[in-house]
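Report on one structure; see the data block that follows.
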Amino acid sequence: MLLNNSGIDSQTGEGMKKKTIIPYLFITPFLIAFVLFFVYPAGYSLYLSFLKYKGYGEATFVGFQNYKALLTYALFWKSLGNTAFYFLAHFVPVMAGAFLFALAMQSSYIGRAQKVIKPVLFLPQVVPLVASALIFKIIFSTNSGALNQITGLHVKWLEDPGLLKWPVVFLIIWRSVGWFMVIFLAGLTTISSDLNEAATLDGANNWQRITKITIPLMKPIFLFAFVTDVISSFKIYTEPNVMMVETGTIPVDAQPVMNIITNHIKGGNFGMSSAAGWILFLIILVVSLAQLFLMKNKED
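Oh and the sequence shown: position 7 is 7 in the UniProt record's numbering, straight run, nothing missing.
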């Protein structure tokens, strides 16, 4: 009997080991890909940020010199300001428009029309970004632009330093509203209809239901939208570079911060471009953590 029990125990132990190991085997391909395509590139980029390296030959360790050079580089701060402008100018219109469209899609007044409206609003996300930028370049062109032709004006949208950022903002709004509408729709479906029905029975109107029930319960979705939009804003590159490049260089007044990274890569300064990437990462991290902290305090 003892032998049999020990045999059962050993078999049970082996079975438990197999059950423990098998889940890890399933996630092993992901872990390998994660290390190869995320951890290693990120780590190597951090290492490069402390070097003076042209991509070939010998690398020289320079410590924090790349970071100091960037933080005292006027064009870096100018580009960072341009990126902040792109974000601040489009954020409220995009979020407000997306939320209103999401509410409308749930309304009984829209009915079957939402099957047409949803794809139309989401269509800009399907159009390749380069193609979208070229379309807006044609619309805002000074001499033959559709907007100037229709209005009869001769506004230099892509040449005037005070105006050239706005066509990029309009393009971002056009592309982003449908995307965030889908995200907000997903959030709205998680709100129980019983809450709105109970509020209606208590005499609450549409505005009160939206402000007292829907918006408070949507705060986590709004936070997600905010963080993802901040990250997307720091990745703005194609829009201004396609729309504004006529002479081979983008005007300084519209240059996003991503241009600093790509320009240093083109110039063979991999250390400086890596340092710029890590500075952007830290900025995004600080903004995201600050937003999380504020949201948590409000909930408490």
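Yeah, the Cβ is synthetic: ideal placement off N, Cα and C, and Gly gets one too.
Leaving out the 5 sequence neighbours to the left and right, which residues in its chain are closer than 8 Å to A276 when beta-carbon positions are compared?
Stepping through the sequence shown from its first residue, residue 276 is reached at position 276. Closer than 8 Å at the Cβ level, and outside the excluded window around A276, lie L70, F76, V257, I260, I261 and H264.
Kindly identify the DSSP beta-bridge partner or partners of F61.
Start at 1 with the first residue of the sequence shown, and residue 61 comes out as number 61. F61 is bridged to L51.
Which of helix, strand or coil does DSSP assign to L75?
The sequence position of residue 75 within the sequence shown is 75, counting from 1. In the structure shown, L75 sits in a helix (DSSP, three-state: H, G or I).
If you count every other CB in all the chains shown that lies within 10 Å of the CB of N82, and 16 or more means buried, which is it?
For this step, residue 82 is matched to residue 82 along the sequence shown. Counting Cβ neighbours within 10 Å, N82 comes out buried, since at least 16 surround it.
Please state if the CB of N143 and the CB of S274 are separated by a distance shorter than 9 Å.
Here residue 274 corresponds to residue number 274 of the sequence shown, with the count starting at 1. Here residue 143 corresponds to residue number 143 of the sequence shown, with the count starting at 1. No. Outside cutoff.
Do you know offhand how far A133's Cα is from S176's?
Along the sequence shown, one-based indexing puts residue 133 at 133. Along the sequence shown, one-based indexing puts residue 176 at 176. The straight-line gap from Cα to Cα measures roughly 14 Å.
Compute the beta-carbon to beta-carbon distance between V126 and T238, rounded to the nearest angstrom, for a pair I have assumed lies under 8 Å.
Stepping through the sequence shown from its first residue, residue 126 is reached at position 126. Stepping through the sequence shown from its first residue, residue 238 is reached at position 238. Going by Cβ atoms, the distance from V126 to T238 rounds to 16 Å, so no, they are not a contact pair.
If you draw a straight line from the C-alpha of L282 to the C-alpha of S288, how long is it?
Along the sequence shown, one-based indexing puts residue 282 at 282. Along the sequence shown, one-based indexing puts residue 288 at 288. Taking the straight line joining both Cα atoms gives about 10 Å.
Y44: buried (16+ other C-beta within 10 angstroms of its C-beta) or exposed?
Counting from one through the sequence shown, the residue named residue 44 turns up at place 44. Exposed is the call here.
Starting from K212 and walking both ways along the alpha helix (DSSP H), at which residues does that stretch end?
Reading the sequence shown from its first residue, position 212 is the one you call residue 212. Run containing K212: none; DSSP gives neither H nor E here.
In terms of alpha-carbon separation, which member of D202, M181 and F293 lies closest to V120?
Counting from 1 along the sequence shown, the entry for residue 120 is found at position 120. When only C-alpha atoms are compared, the closest one is M181.
Using 8 Å as the threshold, is the stretch 193 to 200 in touch with the stretch 98 to 116, meaning 3 or more CB pairs across them?
The answer is no - the stretch 98 to 116 does not touch the stretch 193 to 200, with fewer than three Cβ pairs under 8 Å.
Quick one: using the 10 Å Cβ neighbour count with 16 as the cut-off for buried, is H154 buried or exposed?
The residue given as residue 154 occupies position 154 in the sequence shown. H154 comes out exposed.
Quick check: the stretch 166 to 174 against the stretch 88 to 102, are there 3 or more CB pairs under 8 Å?
The stretch 166 to 174 is in contact with the stretch 88 to 102.
In this structure, how does DSSP classify G152 when only helix, strand and coil are distinguished?
Indexing the sequence shown from 1 puts residue 152 at position 152. G152: coil per DSSP, three-state reduction.
Quick one: what's got a C-beta closer than 6 Å to Y109's C-beta in the same chain, skipping five residues either side?
Within the sequence shown, numbered from 1, the residue matching residue 109 stands at position 109. If we look at Y109 and ignore the five residues flanking it on each side, it has no Cβ neighbours.
Quick one, which of P41, L31, V252 and F26 has its alpha-carbon nearest L163's?
Taking the first residue of the sequence shown as 1, we reach residue 163 at position 163. Checked all of P41, L31, V252 and F26; the closest Cα to L163 is V252.
If I'm right that F270 touches L88 with Cβ under 8 Å, what's the distance once you round it to whole angstroms?
Sequence index remark: in the sequence shown, residue 270 carries index 270 (1-based). Sequence index remark: in the sequence shown, residue 88 carries index 88 (1-based). Actually they do not touch by this definition, with Cβ atoms about 31 Å apart.
Excluding the 5 residues flanking K118 on each side, which residues of the same chain have their C-beta closer than 7 Å to its C-beta?
Residue numbering aside, residue 118 sits at position 118 when the sequence shown is read from its first letter. Once the five neighbours on either side are set aside, the close Cβ partners of K118 are M105.
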